[in-house]
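Undergrad: Take a look at this one; I'll ask things after.
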Amino acid sequence: MNVQLREIPPAASSSGIKTAIADCDIHPARATPDELYPFLAKRWHAHLETFGVHTYQGMMGGPPYPKAQPNASRRDAYPPEGGPQGSSLSFMQKQLLDRNNVALGVLNPLNTGQGIRNQDLAGAICSAVNDWQIEKWTSKDSRLKGSIVVANEDGVSAAAEIRKRAGDKNFVQVLLLSRNVEPLGQRRYWPIYQAAEEAGLPIGVHAFGFGGNPITASGWPSFYIEEMVGHSQCQQTALASLVLEGVFERFPKLKMVMVEAGFGWAPSLAWRLDKVFSRLHAEVSHLKRKPSEYIRDHIWWTTQPMEDPESRDHLFQTIEWIGWDKLLFATDYPHWDYDEPSRVLPAGVSGANKQAFYLDNAKKLYGVA
Amino acid sequence: MTSPIAGGVDCDLHPAVPHLTSLLPYMNDYWRDQVTTRGMTDLISQSYPVNSPISARPDWRPAQGKPGSDIADMQRQALDKFGSAYGICNPLYGVQMVFSEDMADAFCRALNDWLAKEWLDKDDRLRGSIVIPVQSIEKAVAEIERCAQDKRFVQVLMLVMGDMPLGKRHYWPIYAAAERLGLPIGIHAGSAYHNPPTSVGWGSYHIEDYVAQAQAFQTQLTSLIVEGVFARHPNLKMVMLESGFTWLPPFLWRLHKFWRGVRMETPWVDRAPLEIVRSNIRFSLQPVDAPPEPDTLNRLFDHMQSDELILFSTDYPHWQFDGDDVLPMGLSPDLVRKIMVDNPYATYTRLKVKETAS
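As given, the protein sequences belong to chains A and B, one line each in that order.
With full-length UniProt numbering, the residue at position 193 of the first sequence is 193, and numbering never jumps.
With full-length UniProt numbering, the residue at position 75 of the second sequence is 75, and numbering never jumps.
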């Protein structure tokens with residue numbers, strides 16, 4: 001976590017990660033605002049320049065909680081040729097992929113059409129971002145795989161975008177954000193789940209987004225740290241909604257990945273769900289199994305920001321409650337709270353669990369050889 | 001099972017107001033007239049529908065009336081049953097949902113007077129929490145000062161979901177009054193429903209609202225710590241009531257990690273979050289959101305890194321456990337004594353240790 005001040009030697013010499021890894025949360029950025037224009041109809045160029053982008057929060061062109069670093073990214077991640085962090089393929093290759101022996105890198109673009117109020121614009125930008133991922137990234141480096149971004153509040157348009165990309169090996173998942181207009185289990189999002197299940201694609205639910213709701217159940221907090229810590233609470237509630245609405249009953253082959261929201265909270269949430277379900281199951285009689293069973297079978301977790309207790313036993317016990325087969329290593333490159341692959345796991349993990357954690361779980365989930 | 005010991009303090013009991021008319025004797029003419037003229041009948045929160053299984057254990061549900069509305073039932077089923085020396089009454093009546101601060105103030109005053117007269121006067125084991133009209137800070141502080149003169153009020157009660165995060169400076173006069181008067185702030189599950197009951201909007205189900213209480217406690221704890229409430233009020237204790245506690249260790253791992261990363265944003269937070277929790281935050285025992293195996297629970301207590309955080313509670317009449325199993329299996333006798341006796345007395349300084357507890 002935090003900015004890398006000293007150069008850490010590349011993998012082959014001493015970082016400890018000699019074998020290949022998967023990085024399941026990489027954030028590619030646009031070098032310039034108009035980098036999407038080749039993929040966008042002309043009418044939207046003028047629209048964007050005149051009106052900008054209207055989302056479910058008040059700030060034009062910036063986050064309501066100022067980040068801890070410019071673009072929430074490492075200061076050493078600015079590409080030498082200019083542009084924001086994460087906007088250069090060659091520098092990403094050098095700083096992240098080659099150095100850490102990344103065999104599979106999953107791209108999760110964040111500044112897309114998701115959360116834009118104008119649904120036509122949202123759909124157009126999402127589709128453009130998907131084309132841009134192929135053109136700028138996945139077609140140029142076969143280690144990189146894209147995430148299909150969709151106009152999340154318009155289930156019909158989102159499902160059409162997923163069907164358009166189904167079978168395209170440039171993409172390995174559909175990407176949603178955790179904070180939407182409604183909790184993610186609500187029916188308006190089910191066309192997305194149906195299309196993803198049909199396409200055999202997992203859905204990544206990445207922390208962030210704005211849906212018009214205060215980001216705590218008691219209103220808007222003051223600080224960036226509250227938003228960052230609070231992503232795990234938003235994610236818990238979104239996951240509870242998915243389980244309790246019966247999404248995994250209706251779509252039994254659907255797989256979901258909780259991205260960048262932690263995993264340490266999963267056991268406690270599952271225990272709470274099970275306990276309350278034992279009292280209130282009559283209200284949600286569409287559920288045929290205990291909530292924890294849906295979570296165990298349908299949910300994967302990316303690791304960054306890695307839970308970091310003082311005692312490694314506490315970490316290992318927590319992972320055992322979740323399952324070593326469910327964690328997907330992620331760096332969050334180029335963001336400031338990047339997890340360094342060689343330092344993220346304490347000593348004492350078996351070779352098989354390490355292999356699953358760093359690579360095999362991701363390859364299996366995403367169907368990448 | 002783990003046996004309770006006599007002389008404990010039950011930190012979360014819920015006496016029920018039978019009906020809004022039960023409070024009429026404690027209102028002035030104007031508010032009596034308002035209630036009757038406007039046809040107001042009751043203030044039941046969606047958090048606890050009367051007939052929901054969560055709201056009362058099946059064998060604690062009376063033949064008629066609201067669960068928790070009969071003092072004889074509470075005495076027999078909770079106080080006598082578990083040998084409690086004290087029981088702290090936390091009335092959950094929907095006064096926080098009211099939008100008018102004048103109405104909220106009138107109802108809170110009536111509720112607190114009703115509690116003193118109809119419960120505290122009738123059993124000297126009972127102690128009360130001051131319910132405050134949080135809609136107005138001035139009125140809330142005045143109500144704390146009014147009720148605190150009665151030493152049987154041992155705590156100020158707030159709900160975990162209100163208009164703003166509880167760490168906000170707006171609320172600090174409440175905390176200053178509580179600290180000055182030796183009253184912990186009890187933060188109980190429940191919502192004013194002035195915001196959606198989850199951080200991602202309105203869910204469909206009662207069960208979702210209930211599960212989401214735990215996440216609301218987590219965001220409130222972040223707010224209270226990072227806003228600096230305990231830097232300003234180092235002697236203030238806050239008690240998370242019906243919050244669950246098994247989420248605490250992973251929550252603190254995450255908060256600690258981000259605090260290390262961005263503490264420049266809140267430089268007044270000069271102690272690690274875990275240290276602040278140890279010195280200022282407590283949790284009621286029920287509900288225990290964990291599997292019933294002693295091994296898992298003991299690991300969780302180990303993850304909490306302190307045996308001083310948990311305070312005994314039955315959450316009467318809510319349905320959190322069956323039979324006599326108010327204490328989860330596998331607790332050591334030392335931990336039972338901490339939870340039932342030492343920790344509550346250390347938290348609620350207005351309680352005087354009774355002979356039975358020694």
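Cβ atoms here follow ideal geometry from the backbone N, Cα and C, with glycine treated the same way.
These figures come from a predicted structure and were not determined experimentally.
For Arg-43 of chain A, is the classification buried or exposed, using 16 other Cβ atoms within 10 angstroms of its Cβ as the cut-off for buried?
TA: exposed
Undergrad: Run down chain A in chain order and give the residues with a C-beta less than 7 Å from the C-beta of Val-98 of chain B.
TA: The contacting residues do not exist; Val-98 of chain B stays about 17 Å from chain A at best.
Undergrad: Are the beta-carbon atoms belonging to Gln-194 of chain A and Ala-159 of chain A less than 9 Å from one another?
TA: Taking 9 Å as the cut-off, the Cβ atoms of Gln-194 of chain A and Ala-159 of chain A count as close.
Undergrad: If you measure between the beta carbons of Val-326 of chain B and Pro-4 of chain B, is that distance less than 9 Å?
TA: Contact flag set, yes.
Undergrad: So, are the CB atoms of Ala-196 of chain A and Glu-260 of chain A less than 9 Å apart?
TA: No, they are not a contact pair.
Undergrad: Terminal residues of the continuous beta strand (DSSP E) containing residue 377 of chain B?
TA: A question about residue 377 of chain B goes unanswered here, because the residues of chain B that appear run from 1 up to 358.
Undergrad: Under 7 Å between beta-carbons, which chain B residues line up against Ser-232 of chain A? List them in chain order, please.
TA: Neighbours of Ser-232 of chain A on chain B, chain order: Arg-254.
Undergrad: Using 8 Å as the Cβ pair cut-off and three pairs as the minimum, do the segment 54-72 of chain B and the segment 95-105 of chain B touch?
TA: no
Undergrad: At least one CB of chain B closer than 9 Å to the CB of Glu-249 of chain A: is that the case?
TA: no
Undergrad: Is Arg-127 of chain B near Leu-351 of chain B, with beta carbons less than 9 Å apart?
TA: With contacts defined by Cβ atoms closer than 9 Å, Arg-127 of chain B and Leu-351 of chain B form a contacting pair.
Undergrad: So what does Tyr-107 of chain A bridge to, in DSSP terms?
TA: According to the sequence as given, residue 107 of chain A is Leu; it is not Tyr. DSSP lists A:Ile-26 as partners of Leu-107 of chain A.
Undergrad: Check the C-beta distance from Ile-225 of chain B over to Ile-174 of chain B and give it rounded, since I have them as a contact under 8 Å.
TA: The pair is not a contact, with the Cβ atoms about 17 Å apart (cut-off 8 Å).
Undergrad: Mind reading off the beta-carbon distance from Val-156 of chain B to Ile-137 of chain B? Whole number of angstroms is fine, and I expect it under 8 Å.
TA: 13 Å between Cβ atoms; not a contact.
Undergrad: In whole angstroms, give me the CA-to-CA distance for Gly-230 of chain A and Thr-219 of chain B.
TA: 6 Å
Undergrad: Which partner residues of Val-131 of chain B appear in the DSSP bridge assignment?
TA: B:Leu-157
Undergrad: Which of the residues in the segment 132-161 of chain A, read from start to end, lie with their CB under 9 Å from any CB of chain B?
TA: none
Undergrad: Out of B:Tyr-30, B:Leu-241 and B:Lys-168, which one is the CA nearest neighbour of Ser-313 of chain B?
TA: B:Leu-241
Undergrad: Can you tell me where the beta strand (DSSP E) with Ile-299 of chain A in it begins and where it stops?
TA: 299-302
Undergrad: Along chain B, which residues have their Cβ under 7 Å away from the Cβ of Asp-337 of chain A?
TA: For the C-beta of Asp-337 of chain A, the chain B residues within less than 7 Å are, from N- to C-terminus, Gly-261.
Undergrad: Where Ser-199 of chain B and Leu-239 of chain A are concerned, what is the direct C-alpha to C-alpha distance, given to the nearest angstrom?
TA: 12 Å
Undergrad: Using a Cβ cut-off of 9 Å (strictly closer), state whether Leu-244 of chain A contacts chain B.
TA: yes
Undergrad: Over the uninterrupted alpha helix (DSSP H) stretch that includes Gln-355 of chain A, give me the two end residues.
TA: 351-355
Undergrad: Pick helix, strand or coil for Ser-15 of chain A, following the three-state DSSP scheme.
TA: Its pLDDT being 45, under 50, Ser-15 of chain A is placed unreliably by the model, and the measurement read from it follows with that caveat. Note: Ser-15 of chain A maps to helix in three-state DSSP.
Undergrad: Answer yes or no: do Glu-161 of chain A and Gly-115 of chain A have a C-beta to C-beta separation smaller than 9 Å?
TA: No, the Cβ-Cβ distance between Glu-161 of chain A and Gly-115 of chain A is not below 9 Å.
Undergrad: In chain order, what residues of the segment 294-312 of chain B put their CB closer than 9 Å to some CB of chain A?
TA: Within the segment 294-312 of chain B, the residues whose Cβ lies closer than 9 Å to any Cβ of chain A are, in chain order, Thr-296, Arg-299, Leu-300, Asp-302, His-303 and Gln-305.
Undergrad: Is the Cβ of Met-228 of chain A closer than 9 Å to any Cβ of chain B?
TA: It does: the Cβ of Met-228 of chain A has a partner Cβ on chain B nearer than 9 Å.
Undergrad: Run through the segment 83-143 of chain B for me and flag every whole beta strand (DSSP E) of 3 or more residues, listed as ranges in chain order.
TA: 84-89 and 126-131
Undergrad: Under DSSP, the beta strand (DSSP E) around Arg-282 of chain B begins and ends at which residues?
TA: Under the DSSP assignment, Arg-282 of chain B falls in the beta strand (DSSP E) whose first and last residues are 281-284.
Undergrad: Can you tell me whether Ala-282 of chain A is buried or exposed? The criterion is at least 16 other CB atoms within 10 Å of its CB, across all chains shown.
TA: exposed
Undergrad: Mark Lys-338 of chain B as exposed unless 16 or more other C-beta atoms lie within 10 angstroms of its C-beta, in which case mark it buried.
TA: Buried: at least 16 other Cβ atoms inside 10 Å.
Undergrad: Tell me which same chain residues have a C-beta within less than 6 Å of the C-beta of residue 373 of chain B, skipping the five on either side of it?
TA: Outside the displayed range of chain B (1 to 358) lies residue 373 of chain B, so it cannot be described from this structure.
Undergrad: Which residues in chain A sit within 9 Å of Lys-168 of chain B, going by Cβ to Cβ distance?
TA: Gly-219, Pro-221 and Ser-222
Undergrad: Give me the residue from B:Val-17, B:Gln-305, B:Gly-65 and B:Phe-283 with the minimum Cα distance to Ala-116 of chain B.
TA: B:Val-17
Undergrad: Within 9 Å of any Cβ in chain A, is that where the Cβ of Gln-215 of chain B sits?
TA: yes
Undergrad: Determine, for Lys-257 of chain B, whether the minimum Cβ-Cβ distance to residues of chain A falls below 9 Å.
TA: For Lys-257 of chain B, the answer is yes, since a Cβ of chain A falls inside 9 Å of its Cβ.
Undergrad: Taking only beta carbons into account, state which residues of the segment 194-212 of chain B come closer than 9 Å to chain A, listed in chain order.
TA: His-194, Asn-195, Pro-196, Pro-197, Thr-198, Ser-199, Val-200, Gly-201, Trp-202, Gly-203, Ser-204, Tyr-205, His-206, Ile-207, Glu-208, Tyr-210, Val-211 and Ala-212
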